[in-house]
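Going by UniProt numbering, the first sequence opens with residue 1, and the numbers climb by one from there. For reference, the structure is listed below as structure tokens.
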Amino acid sequence: MRTSWADSVSNSAAEIAISDKNSLPRPTRSTYVPPHLRSGSISDLSGPVTGTNGGSRWTGSDGGGTKPELRRQGQANSYATAGRDAAAGGGGGGGGRNNRSGGWDRREREVNPFGNDDKIYDIKQNFSEQENSGINFDAYEDIPVEVSGENVPPPVNTFAEIDLGEILNQNIRRCKYVKPTPVQRHAIPIALAGKDLMACAQTGSGKTAAFCFPLISGIMRELYAQRSHVGRTVYPLGLILSPTRELSCQIHDEAKKFSYQTGVKVVVAYGGAPINQQLRELERGVDILVATPGRLVDLLERARVSLQAVRYLALDEADRMLDMGFEPQIRKIVEQMNMPNRGVRQTMLFSATFPREIQRLASDFLSNHIFLAVGRVGSSTDLIVQRVEFVLESDKRSHLMDLLHAQRENGNHGKQALTLVFVETKKGADSLEHWLCMNGFPSTTIHGDRTQQERELALRSFKSGKTPILVATDVAARGLDIPHVAHVVNFDLPNDIDDYVHRIGRTGRAGKTGLATAFFNESNLSLARPLAELMQEASQEVPAWLTHYASRAPYGGNKNRRSGGRFGGSDFRREESIGKNLDYYSGGNSGNAYEGLVDIAGGYAPGVTSAWD
DNA sequence: AAAAAAC
Numbered sequence: 001m002r003t004s005w006a007d008s009v010s011n012s013a014a015e016i017a018i019s020d021k022n023s024l025p026r027p028t029r030s031t032y033v034p035p036h037l038r039s040g041s042i043s044d045l046s047g048p049v050t051g052t053n054g055g056s057r058w059t060g061s062d063g064g065g066t067k068p069e070l071r072r073q074g075q076a077n078s079y080a081t082a083g084r085d086a087a088a089g090g091g092g093g094g095g096g097r098n099n100r101s102g103g104w105d106r107r108e109r110e111v112n113p114f115g116n117d118d119k120i121y122d123i124k125q126n127f128s129e130q131e132n133s134g135i136n137f138d139a140y141e142d143i144p145v146e147v148s149g150e151n152v153p154p155p156v157n158t159f160a161e162i163d164l165g166e167i168l169n170q171n172i173r174r175c176k177y178v179k180p181t182p183v184q185r186h187a188i189p190i191a192l193a194g195k196d197l198m199a200c201a202q203t204g205s206g207k208t209a210a211f212c213f214p215l216i217s218g219i220m221r222e223l224y225a226q227r228s229h230v231g232r233t234v235y236p237l238g239l240i241l242s243p244t245r246e247l248s249c250q251i252h253d254e255a256k257k258f259s260y261q262t263g264v265k266v267v268v269a270y271g272g273a274p275i276n277q278q279l280r281e282l283e284r285g286v287d288i289l290v291a292t293p294g295r296l297v298d299l300l301e302r303a304r305v306s307l308q309a310v311r312y313l314a315l316d317e318a319d320r321m322l323d324m325g326f327e328p329q330i331r332k333i334v335e336q337m338n339m340p341n342r343g344v345r346q347t348m349l350f351s352a353t354f355p356r357e358i359q360r361l362a363s364d365f366l367s368n369h370i371f372l373a374v375g376r377v378g379s380s381t382d383l384i385v386q387r388v389e390f391v392l393e394s395d396k397r398s399h400l401m402d403l404l405h406a407q408r409e410n411g412n413h414g415k416q417a418l419t420l421v422f423v424e425t426k427k428g429a430d431s432l433e434h435w436l437c438m439n440g441f442p443s444t445t446i447h448g449d450r451t452q453q454e455r456e457l458a459l460r461s462f463k464s465g466k467t468p469i470l471v472a473t474d475v476a477a478r479g480l481d482i483p484h485v486a487h488v489v490n491f492d493l494p495n496d497i498d499d500y501v502h503r504i505g506r507t508g509r510a511g512k513t514g515l516a517t518a519f520f521n522e523s524n525l526s527l528a529r530p531l532a533e534l535m536q537e538a539s540q541e542v543p544a545w546l547t548h549y550a551s552r553a554p555y556g557g558n559k560n561r562r563s564g565g566r567f568g569g570s571d572f573r574r575e576e577s578i579g580k581n582l583d584y585y586s587g588g589n590s591g592n593a594y595e596g597l598v599d600i601a602g603g604y605a606p607g608v609t610s611a612w613d
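What follows is the structure in structure tokens.
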């Protein structure tokens with residue numbers, strides 16, 4: 001029984017894959033060029049992407065003066081053919097897409113990220129299993145959708161409608177995805193059409209796959225986009241950035257599953273871990289680089305990575321990536337590191353929340369983008385039961401203890417359900433964790449003062465149930481897909497309602513239900529109004545005392561950018577054009593499949609989405 | 001004020 005979108009493989013299988021990665025046999029020379037390609041002259045390398053001298057894309061100095069030592073693999077005929085080769089386990093079929101990876105057939109070298117769970121070939125046998133794969137798709141029907149922008153491609157209802165190719169389809173089946181989630185149904189066709197995209201979708205609704213599939217598919221399709229390197233500099237074609245190391249790892253793990261046997265190589269780079277291993281991995285070739293910003297800048301400054309060949313840029317948790325703390329770094333990476341300009345590359349931004357001012361800032365990186373919002377009110381799903389309790393600072397620990405005791409007694413055979421406890425500070429995390437352990441609740445903690453090793457150990461220990469309580473700072477607030485989290489406790493509430501949305505989104509994933517409890521007191525007054533509104537929109541019970549605090553809170557005091565208190569899903573261009581009494585889309589919108597608000601999934605007539613609008 | 005992100 002699975003609860004996660006991509007991590008449909010059992011934890012143990014995933015761990016095997018991780019440990020195998022460390023013992024992978026490596027080619028003795030990363031720059032090996034197979035004999036049949038050695039005769040390839042440099043003039044063969046002057047394609048649109050790989051041409052160092054005449055190539056229009058590479059205008060930097062990387063190749064200047066030195067003789068470029070580019071690898072180029074045989075042209076693929078079609079990836080469908082490669083897929084048959086791969087499925088048959090056949091040896092080096094000439095021209096297969098898999099040959100991209102370095103000229104020699106490395107399929108046997110590729111760790112199967114699905115481990116022992118790889119049973120896709122008997123589709124019929126697996127069909128009933130798929131239907132029970134733990135993804136509750138019914139929970140995603142009736143979902144309001146807003147799309148704006150020019151020439152929006154229509155959504156699809158099945159993966160079969162999307163021409164992703166046979167290999168990707170096999171991986172989709174291996175992941176036990178039966179049909180696309182709403183964000184996937186809309187975002188994948190938009191991305192495949194080459195459009196820039198800003199996409200808001202609820203936590204846990206399958207965003208990673210929504211940007212990974214088009215990236216992988218696009219890289220497979222582009223015959224001229226051959227992987228290459230100049231000296232020790234590698235040139236990824238796709239770049240995926242995320243705000244935390246653990247999230248980058250998670251995206252990498254999922255992307256590895258999606259790209260299995262496609263020949264598309266995914267590499268991850270993040271701080272806190274020895275750089276040498278990451279460098280070696282990069283040297284072996286990279287098509288899609290998943291990274292945190294700091295380590296990427298390091299790699300760029302060492303000239304071990306160049307962004308000149310990037311055709312796809314995806315920012316996960318994009319509003320976080322563009323907030324005050326990250327924006328300068330992102331701007332440096334995107335604007336000052338030889339990355340092709342917007343409009344040349346394709347840019348996709350994903351998040352569950354998208355404050356209007358961040359949308360405005362993000363438009364610097366986008367070219368005529370399509371805005372997509374998929375989700376129910378509040379962007380907190382109504383799969384999560386939200387509770388708020390008034391708890392004085394001094395009572396928080398004993399109150400938490402009461403909750404944990406009750407939970408243990410109600411739980412399965414006295415086993416503690418996985419509980420994620422968010423606190424404000426790193427010190428507070430350590431001290432609460434220590435206190436819980438002293439009081440008989442096996443706990444661990446994850447925050448930025450711990451070593452990366454400790455952080456990853458904590459996460460594993462929590463996932464496995466060894467320490468069923470994880471005390472965390474906001475490092476764990478976004479994106480992490482931890483199956484079976486039954487309860488999120490906001491021991492300390494965040495100051496920003498968007499952070500609250502992301503935190504509680506660690507439960508209630510993949511269509512499963514979850515519980516979120518918040519401890520509210522007088523130090524959280526600024527959150528009273530947005531929290532009350534959010535809960536009300538999600539049809540949650542709002543305590544009278546909270547309504548009271550909310551009514552006394554000053555208007556506009558918080559940076560609630562939700563006009564009318566709605567879920568953070570509305571195109572800032574639309575709002576601003578309304579404000580200026582201008583129709584931003586007067587020219588281009590007429591040909592749209594959807595104009596304005598259309599409920600595609602729910603079967604409502606247009607205009608009946610007022611509750612959400 | 002706090003958190004995250006390179007060495």
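Each residue gets a CB set at the ideal place from its N, CA and C atoms; glycine is no exception.
Contacting residues, own chain, Cβ-Cβ under 6 angstroms from residue i (five flanking each side not counted)
i	result
residue 418	468, 484, 485, 486
residue 527	493
residue 345	310, 311, 313
residue 359	572
residue 281	267
residue 498	353
Span of the beta strand (DSSP E), counted from its first residue to its last, around residue i
i	result
residue 443	443 to 446
residue 542	Residue 542 -> no beta strand (DSSP E), and no H or E assigned at all.
residue 279	First-last for residue 279: 275 to 283, but that is the alpha helix (DSSP H), not the beta strand (DSSP E).
residue 487	485 to 490
residue 200	197 to 201
residue 348	346 to 351
residue 177	Note, residue 177: premise wrong, no beta strand (DSSP E); not H, not E.
residue 419	418 to 422
residue 215	No beta strand (DSSP E) contains residue 215, which is instead part of the alpha helix (DSSP H) from 207 to 221.
With 16 other Cβ atoms within 10 Å as the buried cut-off, status of residue i
i	result
residue 453	exposed
residue 523	exposed
residue 320	buried
residue 571	buried
residue 174	buried
residue 415	exposed
residue 394	exposed
residue 451	exposed
residue 402	exposed
Test item: CB-CB of residue i and residue j under 8 angstroms
i	j	result
residue 374	residue 201	yes
residue 304	residue 385	no
residue 391	residue 489	no
residue 370	residue 190	yes
residue 268	residue 290	yes
residue 187	residue 153	no
residue 248	residue 292	yes
residue 167	residue 219	no
residue 426	residue 448	yes
residue 270	residue 232	no
residue 362	residue 198	yes
residue 347	residue 366	yes
residue 349	residue 404	no
residue 203	residue 505	yes
residue 183	residue 206	yes
residue 423	residue 520	no
residue 213	residue 164	yes
residue 458	residue 429	no
residue 444	residue 461	yes
residue 264	residue 216	yes
residue 382	residue 550	no
Own chain partners of residue i with C-beta closer than 8 angstroms, once the 5 adjacent residues on each side are dropped
i	result
residue 156	162, 180, 185, 188, 189
residue 553	525, 526, 528, 529
Cut-off 7 angstroms between Cβ atoms - residues of its own chain near residue i, not counting five sequence neighbours on either side
i	result
residue 343	367
residue 171	257, 258, 260
Practice item. Say whether the region 241 to 252 touches the region 467 to 479, bearing in mind that this needs 3 or more beta-carbon pairs closer than 8 angstroms, one atom from each stretch. Key: Three or more Cβ pairs closer than 8 angstroms define a contact, and the region 241 to 252 meets that threshold against the region 467 to 479.
Point to revise | Inter-stretch contact (C-beta, 8 angstroms, three-pair minimum) for the region 493 to 513 and the region 528 to 548 | key: Because the criterion of three Cβ pairs below 8 angstroms is met, the region 493 to 513 and the region 528 to 548 touch.
Exercise for review: Determine contact between the region 403 to 415 and the region 224 to 239, defined as no fewer than three beta-carbon pairs at a distance below 8 angstroms.
Suggested key: They do not touch, by the three-pair rule.
Point to revise | Validate contact between the region 249 to 269 and the region 327 to 336 using beta carbons, cut 8 angstroms, 3 pairs | key: Under the Cβ criterion (8 angstroms, minimum of three pairs), the region 249 to 269 does not count as touching the region 327 to 336.
Check your understanding: How about the region 500 to 514 and the region 438 to 445: do they share at least three Cβ pairs that are nearer than 8 angstroms?
Key -> Counting Cβ pairs under 8 angstroms, fewer than three are found: no touch.
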